[in-house]
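In order, the protein sequence lines correspond to chains A and B.
First residue of the first sequence: 1, per our numbering; consecutive thereafter.
First residue of the second sequence: 1, per our numbering; consecutive thereafter.
Number of protein chains: 2
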Amino acid sequence: MYGLILAGGSGSRLWPLSRELYPKQLLNIQNTESLLQATFERLAECMPSSHIISMTGVKHVANVRYQLSSLCDNPVVLSEPISKNTAPAIALAAKYIVEKFNTDPVVLVVPSDHMINDTEKFIATVKEGEKIAEMGYIVTFGIKPSYPETGYGYINVTDKHIERGFKVNRFVEKPDTELAEKYVKEGTYYWNSGIFMFKASVLLEELAKCSPDIYSKLSNFDFTDSNEIPFTEFEKMPSISIDYAVMEKSDKIALLKLESDWNDLGSWKSIYDVGKKDEDGNVKIGHVLDEGSKNSLMYSSSKLVATIGLEDTVIVETEDAILACKSDRTQDVKKIFETLKKQNDDTHLVHKTVYRPWGYYTVLAQGRGFLTKMIQVNPGQKLSVQSHNHRSEHWVVLEGMAKVVLEGKEHILSPGHSIDIDVKEIHSLQNPYKDVLKIIEVQKGELLIEEDIIRYEDMYGRV
Amino acid sequence: MYGLILAGGSGSRLWPLSRELYPKQLLNIQNTESLLQATFERLAECMPSSHIISMTGVKHVANVRYQLSSLCDNPVVLSEPISKNTAPAIALAAKYIVEKFNTDPVVLVVPSDHMINDTEKFIATVKEGEKIAEMGYIVTFGIKPSYPETGYGYINVTDKHIERGFKVNRFVEKPDTELAEKYVKEGTYYWNSGIFMFKASVLLEELAKCSPDIYSKLSNFDFTDSNEIPFTEFEKMPSISIDYAVMEKSDKIALLKLESDWNDLGSWKSIYDVGKKDEDGNVKIGHVLDEGSKNSLMYSSSKLVATIGLEDTVIVETEDAILACKSDRTQDVKKIFETLKKQNDDTHLVHKTVYRPWGYYTVLAQGRGFLTKMIQVNPGQKLSVQSHNHRSEHWVVLEGMAKVVLEGKEHILSPGHSIDIDVKEIHSLQNPYKDVLKIIEVQKGELLIEEDIIRYEDMYGRV
Numbered sequence: 001m002y003g004l005i006l007a008g009g010s011g012s013r014l015w016p017l018s019r020e021l022y023p024k025q026l027l028n029i030q031n032t033e034s035l036l037q038a039t040f041e042r043l044a045e046c047m048p049s050s051h052i053i054s055m056t057g058v059k060h061v062a063n064v065r066y067q068l069s070s071l072c073d074n075p076v077v078l079s080e081p082i083s084k085n086t087a088p089a090i091a092l093a094a095k096y097i098v099e100k101f102n103t104d105p106v107v108l109v110v111p112s113d114h115m116i117n118d119t120e121k122f123i124a125t126v127k128e129g130e131k132i133a134e135m136g137y138i139v140t141f142g143i144k145p146s147y148p149e150t151g152y153g154y155i156n157v158t159d160k161h162i163e164r165g166f167k168v169n170r171f172v173e174k175p176d177t178e179l180a181e182k183y184v185k186e187g188t189y190y191w192n193s194g195i196f197m198f199k200a201s202v203l204l205e206e207l208a209k210c211s212p213d214i215y216s217k218l219s220n221f222d223f224t225d226s227n228e229i230p231f232t233e234f235e236k237m238p239s240i241s242i243d244y245a246v247m248e249k250s251d252k253i254a255l256l257k258l259e260s261d262w263n264d265l266g267s268w269k270s271i272y273d274v275g276k277k278d279e280d281g282n283v284k285i286g287h288v289l290d291e292g293s294k295n296s297l298m299y300s301s302s303k304l305v306a307t308i309g310l311e312d313t314v315i316v317e318t319e320d321a322i323l324a325c326k327s328d329r330t331q332d333v334k335k336i337f338e339t340l341k342k343q344n345d346d347t348h349l350v351h352k353t354v355y356r357p358w359g360y361y362t363v364l365a366q367g368r369g370f371l372t373k374m375i376q377v378n379p380g381q382k383l384s385v386q387s388h389n390h391r392s393e394h395w396v397v398l399e400g401m402a403k404v405v406l407e408g409k410e411h412i413l414s415p416g417h418s419i420d421i422d423v424k425e426i427h428s429l430q431n432p433y434k435d436v437l438k439i440i441e442v443q444k445g446e447l448l449i450e451e452d453i454i455r456y457e458d459m460y461g462r463v
Numbered sequence: 001m002y003g004l005i006l007a008g009g010s011g012s013r014l015w016p017l018s019r020e021l022y023p024k025q026l027l028n029i030q031n032t033e034s035l036l037q038a039t040f041e042r043l044a045e046c047m048p049s050s051h052i053i054s055m056t057g058v059k060h061v062a063n064v065r066y067q068l069s070s071l072c073d074n075p076v077v078l079s080e081p082i083s084k085n086t087a088p089a090i091a092l093a094a095k096y097i098v099e100k101f102n103t104d105p106v107v108l109v110v111p112s113d114h115m116i117n118d119t120e121k122f123i124a125t126v127k128e129g130e131k132i133a134e135m136g137y138i139v140t141f142g143i144k145p146s147y148p149e150t151g152y153g154y155i156n157v158t159d160k161h162i163e164r165g166f167k168v169n170r171f172v173e174k175p176d177t178e179l180a181e182k183y184v185k186e187g188t189y190y191w192n193s194g195i196f197m198f199k200a201s202v203l204l205e206e207l208a209k210c211s212p213d214i215y216s217k218l219s220n221f222d223f224t225d226s227n228e229i230p231f232t233e234f235e236k237m238p239s240i241s242i243d244y245a246v247m248e249k250s251d252k253i254a255l256l257k258l259e260s261d262w263n264d265l266g267s268w269k270s271i272y273d274v275g276k277k278d279e280d281g282n283v284k285i286g287h288v289l290d291e292g293s294k295n296s297l298m299y300s301s302s303k304l305v306a307t308i309g310l311e312d313t314v315i316v317e318t319e320d321a322i323l324a325c326k327s328d329r330t331q332d333v334k335k336i337f338e339t340l341k342k343q344n345d346d347t348h349l350v351h352k353t354v355y356r357p358w359g360y361y362t363v364l365a366q367g368r369g370f371l372t373k374m375i376q377v378n379p380g381q382k383l384s385v386q387s388h389n390h391r392s393e394h395w396v397v398l399e400g401m402a403k404v405v406l407e408g409k410e411h412i413l414s415p416g417h418s419i420d421i422d423v424k425e426i427h428s429l430q431n432p433y434k435d436v437l438k439i440i441e442v443q444k445g446e447l448l449i450e451e452d453i454i455r456y457e458d459m460y461g462r463v
């Protein structure tokens, strides 16, 4: 079996913890690992790690690769040059597996940002699904609805059994409350989990029938010697979901009930729902002090959050933005996100702390002509060999030891020591030691933007 | 006439905006000036600035003097070495005025943290009060109660007129709701504003009668050649309020109704009450984005505060602490403050940004063996000539120009330039120029505390 992890995402639903450049699947909400990492580990119980492919947007590739690197050597991460929804991504992944591995296996496709705790039951469902997929069906995993949710799509099944699954009658869009209540009552409707399985050749055949506009363009991609998806070809793909492109049109769709727990963590309300509650029904994460609140979620990422007498409220603190929201309005977080985007307010886009393959940096202060960052370089890591056209830099070591190469000359700096890097000087920062390296960087210049960077060498392939 | 501004305070009620070391009167809540500055300016309409004395705790002296320096030359600020409530402070101020100025004037005593917008009506009341004080009465200003507040003390008056005031019958403690309702109905009860006037000699005579334990100790203080209140003598004073010590016992108390507006800003609820409301009844201060909240206060001091669907809620954001509180529970902010104090959590004590006579500093980052600050030195200001026993420092100029004297040698540094200061080296930082100076300071050492500072010279008298 092979696996495909869909690791895109806009980062809007769990704002301000998620950002456009740091979406939900990268977050570590409750555990010591991110949702993406948990997803990878779940799949690795069903297949060899080397059979797992992740597909993500070009903006997230470095972070996805970095997170997966701690779980396996050389994770396969394919990068979509622009967002074209799920159908082109899944079609290309199927082609990739067939060409690269010269095989026609069953492929398990999973979103990267859902929470499933009961891995054993998940594996059992996958094994059932594999049988049905081998029979030539596209098997979608359905969730037995526990209440009339209006935020999900539903799948209606016929009474025709295929092994332990059902033949699908039709897919339905997000219903209104009345319709959702009817669906739950009838018992033949399931929530669409976005998890499904198919033989690669079956998907490609169904694609040829149902979406020839996608299928016909697949021949323009060649993965035999490359892991790259070229922008010029990918751009020609229609932007369409796999549900629209195949699932709703094909007559080879089966539904299998997912036996494990499942939560799509689609809003702060659902984070509250899965959280561990105290005797007042509060979920407290981080540095929180409360006086008499009830049924509320308090999330502190660093600062003290003090709450008094709240009810059914969500408070989320991050370095540069605070959210305070009534629990029944958490869907509207998206509106705030969109407003910020329209206002060109970077608060929707990035955190003050930005993760990189080599560690992270935090913007500490900025002003007229200067920008100050704290930079952490993890042991064994190295920033690219680079220069800047518009800024000089000054580095002071805080913790650990730094190896700096400046215009070909090597400098080893211990805490308290500093170095000046002039405009256009070629330099690199490296931590070849066992302890974390922390430095303060003071940038000076008229133009202080991330884009002012000329890379000469990079151990993460970013040249 | 002379004035006494009582500028102490614990900083608990408007936490997290107020802190133990930055109490309410120093805050700039709505205007371009602090409550203390507004109080000083109000008094300066009634008397020469040189007649205004401020009394505050030793912890606040530098900040009080700094804020008043922008309003007059050499403001008189007396420092209480420890907190002994209001009676000893007022008694010493009366003695100070009599001895220092060799006169027996009427003294107007005012808290520094109340909001009064109608200065004209305030002045008119003061002029009425002066007449009654000249007749030998201690005149307290009463507020006509507009609702049965249980958080204030009340003053009951007789029907005996003294000019446009009344002879006082008795002072009453904070009542319960039933009693408060009765007081409001009866019409002979007023809220105790804490503002009062007296001839210095009258106060001292009444003190001799009502509180001989305080009066007898006054002779141990001598202000003829000094502005200092010695710790060893002040420590012997009882800790007692002027209400207990004199007002409740003396038969020379008159009450004059304060004709102006008045708000003691004693809680976030009262900040909401005086704030400018939008059409949904929200008061928004700072960088706030709202979706459908009602009757709420959103206060952002720097970061984005996004709110959705809140009702009757107070959200306050500061650099290191967030408060989210139902409007009817804002009195309980004190409980959070006390809990933090018990936990030795500095969040009750100081802000990340600490104001100094020469400007301010903000702690940007701290870790094992290092501490990083951004320091702003205002034009014309200079930090003390100093050295440290346990830390080295590294300064990088961000904005403006720095004059640094290190071991007797002068260095002029422009943006991007840096200097190292070793342990025990004597150094000073100065901004003799017209623009603001901003630097990054990286401290390195095993012991990084504010107290590790040996001062040799200081333009603010802190040696």
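Ideal placement from N, C-alpha and C gives every residue a C-beta, glycine not left out.
Annotated as proximal: L203 of chain B and A94 of chain B, with beta-carbon spacing under 7 Å. Taking 8 Å as the upper bound for CB-CB distance, G359 of chain B and V377 of chain B are in contact here, some 5 Å apart.
Inclusion of E41 of chain A and T125 of chain A in the CB contact set at 7 Å is not warranted, their separation being larger than that value. Our two residues, A306 of chain A and T362 of chain B, have alpha carbons roughly 22 Å apart in a direct line. Closer than 7 Å to the CB of K342 of chain B there is not a single CB belonging to chain A.
DSSP, reduced to helix, strand and coil, places M401 of chain B outside both helices and strands of the structure shown, so it counts as coil. Residues of the same chain with a CB within less than 7 Å of the CB of G400 of chain A, apart from the 5 flanking positions on each side, are N431, Y433, D435, V436, L437 and K438 in chain order. For I308 of chain B, the nearest CB of chain A lies under 7 Å from its own CB, placing it at the interface with that chain.
Within chain A, V396, G416 and S418 have C-beta atoms less than 8 Å from the C-beta of H394 of chain B, given in sequence order. The residues D264, in chain order, have a CB closer than 6 Å to that of H114 of chain A in the same chain once the five nearest residues on each side in sequence are set aside. A distance below 6 Å between beta-carbons, with the five flanking residues on each side excluded, links M197 of chain A to the following residues of its chain, in chain order: V106, L108, G129, A133 and V139. Under the three-state reduction of DSSP output, L406 of chain A falls in the strand class. A direct Cα-Cα distance of roughly 40 Å separates W268 of chain B from V396 of chain B. Counting other Cβ atoms within 10 Å of its Cβ, I449 of chain A stays below 16 and is therefore classed as exposed. Fewer than three Cβ pairs drawn from the stretch 313-320 of chain B and the stretch 441-460 of chain A lie within less than 8 Å of each other, which leaves the two stretches out of contact. Within the DSSP bridge table, the entry for A324 of chain B names A:T307 and B:I315 as partners. Excluding five sequence positions before and after E173 of chain A, the CB atoms of its chain that fall closer than 7 Å to its own CB belong to G153, given in chain order. Counting of Cβ neighbours within 10 angstroms places N282 of chain B among the buried residues, the total reaching 16 or more. Ranked by how close their Cα comes to the Cα of A254 of chain B, the residues B:P230, B:E235 and B:K160 have B:K160 in first place. Within the stretch 361-383 of chain A, T362, L364, A365, G367, R368, G369, F370, T372 and M374 place their CB atoms closer than 8 Å to a CB of chain B, listed in sequence order.
Exclusion of the five residues before and after K424 of chain B leaves S387, H388 and N389 as the residues of its chain whose Cβ lies within less than 8 Å of its Cβ. Among the CB atoms of chain A, none fall inside 7 Å of the CB of E407 of chain B.
Of the candidates A:S201, A:K167 and A:G142, A:S201 places its Cα closest to the Cα of I90 of chain A. Under the 7 Å criterion on CB atoms, E425 of chain B is classed as non-interfacial with respect to chain A. Scanning A:I162, A:V168, A:Y147 and A:L218 for the CA closest to the CA of Y183 of chain A turns up A:Y147. For P88 of chain B and L36 of chain B, the gap between their C-alpha atoms comes out near 21 Å. Buried is the label assigned to A180 of chain A, since at least 16 other Cβ atoms lie within 10 Å of its Cβ. If you check the CB distance, V58 of chain B and P81 of chain B come in under 7 Å.
For K24 of chain A, the nearest beta carbon of chain B is not closer than 7 Å to its own beta carbon. Closer than 7 Å to the CB of A324 of chain A there is at least one CB belonging to chain B.
According to DSSP, M197 of chain B shares a beta bridge with B:L108 and B:V139. Interface annotation, E291 of chain A: in contact with chain B, CB-CB separation under 7 Å. Interface residue (Cβ-Cβ distance to chain B less than 7 Å): A7 of chain A is not classified as such.
With respect to S54 of chain B, V77 of chain B sits close: the two C-beta atoms are nearer than 7 Å. Rounded to whole angstroms, the Cβ separation of F171 of chain A and E248 of chain A is 5 Å, and the two are in contact under 8 Å. Less than 7 Å separates the beta-carbon of D261 of chain A from that of D118 of chain A.
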